[in-house]
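Enquirer: Quick one: the structure is below, questions incoming.
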Amino acid sequence: MPYTSSTLPKIKISPRGVTRLKSGHVWVYRSDIVSASGVLPGSLVTVADERGKLLGTALYSSSSQIAIRLISREPVADFPALLRQRIADAIAYREQIVHHTEAYRVIFSEADFLPGLIVDRYNGIVSVQILTQAMDTEPVRQTVLAELTERLHPAAIIERVDPRVRELESLPPRASGLLQGEKAATTFTMNGVHFHYDALEGQKTGAFLDQRENYAAAAQYAHGEALDVFCYQGGFALHLAPRCSQVTGVDSSRPALEVADQNAALNRPLIERGPEKNEIEWIEANAFDLLKDYAAAKRQYDTIVLDPPAFAKTKHDLDSALRGYKELNLRALKMLRPGGILVTCSCSYHVSQAVFLEMLASAALDAHRSLRLIEVRGQSKDHPILLNVPETAYLKCVIAIVSN
Ligand code: SAH
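Taken in order, the sequence shown gives residues 0 to 403; the numbers are from numbering that gives the first Met the number 0.
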């Protein structure tokens, strides 16, 4: 079906919505929709102000609080062609900036001008996540799959479904599974470290690709006895092992630790290059309880990584999230020897970098430690940050050294 801007349904938005789009953002909330009667879920629409002046072309959701995601500030004559071009551009960007890895994010939703679409690559397996009504329509799915196949030649494409997102978008339930090919598991290498990947297991889309560059950065400074708290499948721990005399990983998820142990086996020669040929020790525990016990027992480390799940899922959780971050960081700081390295992360978008650093400063004061910042980092470059769309920047990773 050809799309032309004249035949597209038109949605009018309030002055507040107009201001938001003019400030460079691409979202309009439902409360700023003036009229959208009869517009079908997931439609391509034109967006106009109350007087009818056109502001661009967008994808419409009849259900989400984010009613409109702008896809172009111009009329769109051929939507499938635009999708194909945007996918080609996203792939070309990765060719330019992603190195030393077989696993990376190929498409990062708004930041790649493809709102509602996330695509990751793990060696020969491509994993697709669809987050909106518009991206879930059959013609869009077909176009996306055809373009990914043509450009990446994957052995398999799998879809990872987030049931909560489908519910929010009023989309019918759907199971995660293979869309193409037969292979759901593989191994991949990043920064010279090997990982198992099973497309249909694990949390999120598999590995935490957004930390890829932070793993390598942390490894540069890591030494001595290291503790990787919230270690999942061992991302940080495996990168630290060749530099450290002893590494312990802690997580509350047994399945994650089982994969971590398999990953350690894959990297045996690498780990044995370390100063002492110790096994990585994996501990299944609640991190808060464990840190409390270890701090009480006056345990000491030279390197501690803190990479908890997002504590602030909404801005209402901010205060309790900050208390959680502070407790973890305070305990870790107390356990670091002089010269010790703290690698502390937050993936909560609602905790800004400034607020995160303030929390850390306050934890250092309370712990009576002087902390110097070595690196203040964010997400890997394959998760680009689109200026004027602040929600695309979410990961903080601070590397600091305790001087007394
Ligand atoms: N550092 C990891 C990613 C961590 S994701 C990497 O780079 O791959 C957050 C992890 O925290 C998950 O593996 C989850 O199982 C774990 N987790 C959540 N709550 C926890 C708790 N209270 N104690 C210990 N682990 C927890």
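Built from N, CA and C at the ideal position, the CB exists for glycine as well.
1) Can you give me the C-alpha to C-alpha distance between LEU151 and ARG140, rounded to a whole angstrom?
2) Can you tell me which of LEU116, GLU357, ALA215, ILE65 puts its alpha carbon nearest to the alpha carbon of VAL160?
3) Just reading off the beta strand (DSSP E) that PHE187 is part of, what are its end residues?
4) Which residues in the same chain as THR188 place their Cβ atom closer than 6 angstroms to its Cβ, once the five residues preceding and following it in sequence are excluded?
5) Please return the same chain residues whose Cβ sits closer than 8 angstroms to the Cβ of ILE32, not counting the five positions on each side in sequence.
6) Can PRO308 be considered in contact with the ligand SAH, in the sense that its beta carbon sits closer than 6 angstroms to one or more heavy atoms?
7) With hydrogens ignored, establish whether the beta-carbon of TYR348 is closer than 6 angstroms to any heavy atom of the ligand SAH.
8) Would THR136 and GLY41 be called neighbours here (beta carbons separated by less than 7 angstroms)?
9) Enumerated in chain order, which unbroken segments of the beta strand (DSSP E) with a length of 3 residues or greater are wholly contained in the segment 91 to 135?
10) Which runs of the alpha helix (DSSP H) fall wholly inside the segment 26 to 66 and span at least 4 residues, in chain order?
11) Taking buried to mean at least 16 other C-beta atoms within 10 Å of its own C-beta, is ILE398 buried or exposed?
12) Apart from the five residues on each side of it in sequence, which residues of its chain come closer than 6 angstroms, Cβ to Cβ, to ALA215?
13) For SER71, which beta-bridge partners are listed by DSSP?
14) So for HIS222, helix, strand or coil by DSSP?
15) What are the start and end residues of the beta strand (DSSP E) that includes ALA399?
16) Are the beta-carbon atoms of VAL401 and GLY339 separated by less than 7 angstroms?
17) Out of curiosity, what's the CA-to-CA distance linking ALA311 and LEU327?
18) Thinking LEU290 and VAL228 are a contact (beta carbons under 8 angstroms), I'd like their distance in whole angstroms, please.
19) Going by DSSP in three states, THR302 sits in which element: helix, strand or coil?
20) Can LEU385 and ALA110 be called in contact, C-beta distance under 7 angstroms?
21) Hey, out of GLU374, VAL354, THR313, HIS367, whose CA is closest to LEU341's CA?
22) What does DSSP give as the partner residue(s) for THR247 in the beta ladder?
23) Given ALA174, which residues of its chain have a CB within under 7 angstroms of its CB, disregarding the five upstream and five downstream residues?
24) Using the rule of at least 16 other Cβ atoms within 10 Å of the residue's Cβ for burial, across every protein chain shown, is HIS315 buried or exposed?
25) Any heavy atom of the ligand SAH within a distance shorter than 6 angstroms of the CB on GLY234?
26) Strictly by DSSP, which residues pair up with GLY339?
27) Please report the distance separating the alpha-carbon of ALA47 from that of THR18.
28) Check whether the segment 300 to 309 and the segment 260 to 278 touch, using three or more Cβ-Cβ pairs below 8 angstroms as the test.
29) Nearest to SER351 by CA position, among THR302, ALA225, LEU394, is which residue?
Expert: Looking at the atomic coordinates:
1) If you number the sequence shown from 1, residue 151 lands on position 152. If you number the sequence shown from 1, residue 140 lands on position 141. If I take the Cα positions, the gap works out to 16 angstroms.
2) To locate residue 160, count along the sequence shown from 1; it is residue 161. Checked all of LEU116, GLU357, ALA215, ILE65; the closest Cα to VAL160 is LEU116.
3) For the purposes of this step, residue 187 is identified with residue 188 of the sequence shown, where counting begins at 1. From DSSP, the beta strand (DSSP E) with PHE187 extends over 184 to 189.
4) Along the sequence shown, read from residue 1 onward, the residue named residue 188 stands at position 189. GLU101.
5) Here residue 32 refers to the residue found at position 33 when the sequence shown is read from its first residue. Cβ-Cβ distances below 8 angstroms link ILE32 to ILE10, LYS11, ILE12, SER13, GLY16, ALA66, ILE67 in the same chain, with the five nearest sequence neighbours on each side left out; the list follows chain order.
6) Along the sequence shown, read from residue 1 onward, the residue named residue 308 stands at position 309. Yes, Cβ of PRO308 sits closer than 6 angstroms to a heavy atom of the ligand SAH.
7) Mapped onto the sequence shown, residue 348 falls at position 349. No, since every heavy atom of the ligand SAH falls outside the 6 angstroms radius drawn around the Cβ of TYR348.
8) Numbered from 1 along the sequence shown, position 137 holds the residue referred to as residue 136. Numbered from 1 along the sequence shown, position 42 holds the residue referred to as residue 41. Less than 7 angstroms separates the beta-carbon of THR136 from that of GLY41.
9) DSSP runs (the beta strand (DSSP E)) wholly in the segment 91 to 135: 102 to 107, 116 to 121, 124 to 129.
10) Entirely contained in the segment 26 to 66, not one alpha helix (DSSP H) run reaches 4 residues.
11) Position 399 of the sequence shown, counting from 1, holds the residue named residue 398. So ILE398 ends up on the buried side.
12) Within the sequence shown, the letter at position 216 stands for residue 215. Around ALA215, the same chain offers ASN190 as residues with beta carbons nearer than 6 angstroms, after the five sequence neighbours per side are excluded.
13) Position 72 of the sequence shown, counted from the start, is the residue given in the question as residue 71. Looking at the DSSP assignment, SER71 forms a beta bridge with THR56.
14) Residue mapping note: residue 222 aligns to position 223 of the sequence shown, counting from 1. DSSP, reduced to helix, strand and coil, places HIS222 outside both helices and strands of the structure shown, so it counts as coil.
15) Here residue 399 is taken as the residue at index 400 of the sequence shown, counted from 1. Taken as a continuous stretch (DSSP letters only), the beta strand (DSSP E) holding ALA399 covers 395 to 401.
16) Mapped onto the sequence shown, residue 401 falls at position 402. Mapped onto the sequence shown, residue 339 falls at position 340. Between VAL401 and GLY339, the C-beta gap is smaller than 7 angstroms, which places the two residues in contact.
17) In the sequence shown, the residue the question calls residue 311 occupies position 312. In the sequence shown, the residue the question calls residue 327 occupies position 328. If you draw a straight line from the Cα of ALA311 to the Cα of LEU327, it is about 15 angstroms long.
18) Working through the sequence shown from its first residue, we reach residue 290 at position 291. Working through the sequence shown from its first residue, we reach residue 228 at position 229. About 7 angstroms separates the beta carbon of LEU290 from that of VAL228, a gap short enough to meet the 8 angstroms contact definition.
19) Start at 1 with the first residue of the sequence shown, and residue 302 comes out as number 303. In this structure, THR302 counts as strand in the three-state DSSP scheme.
20) Looking up residue 385 in the sequence shown gives position 386. Looking up residue 110 in the sequence shown gives position 111. Yes. Within cutoff.
21) Here residue 341 is taken as the residue at index 342 of the sequence shown, counted from 1. Closest option to LEU341, judged by alpha-carbon separation, among GLU374, VAL354, THR313, HIS367: GLU374.
22) Position 248 of the sequence shown, counted from the start, is the residue given in the question as residue 247. Beta-bridge analysis with DSSP links THR247 to LEU226, GLU280.
23) One-based indexing of the sequence shown puts residue 174 at position 175. Around ALA174: VAL160.
24) Position 316 of the sequence shown, counting from 1, holds the residue named residue 315. Flag for HIS315 reads exposed.
25) Along the sequence shown, read from residue 1 onward, the residue named residue 234 stands at position 235. Flag set: Cβ of GLY234 near the ligand SAH.
26) In the sequence shown, residue 339 corresponds to position 340, counting from 1. Its beta-bridge partners do not exist; DSSP assigns none.
27) Counted from its first residue, the sequence shown places residue 47 at position 48. Counted from its first residue, the sequence shown places residue 18 at position 19. Straight-line measurement puts the Cα of THR18 at about 12 angstroms from the Cα of ALA47.
28) Verdict: no, contact absent.
29) Residue mapping note: residue 351 aligns to position 352 of the sequence shown, counting from 1. Closest option to SER351, Cα to Cα, is LEU394.
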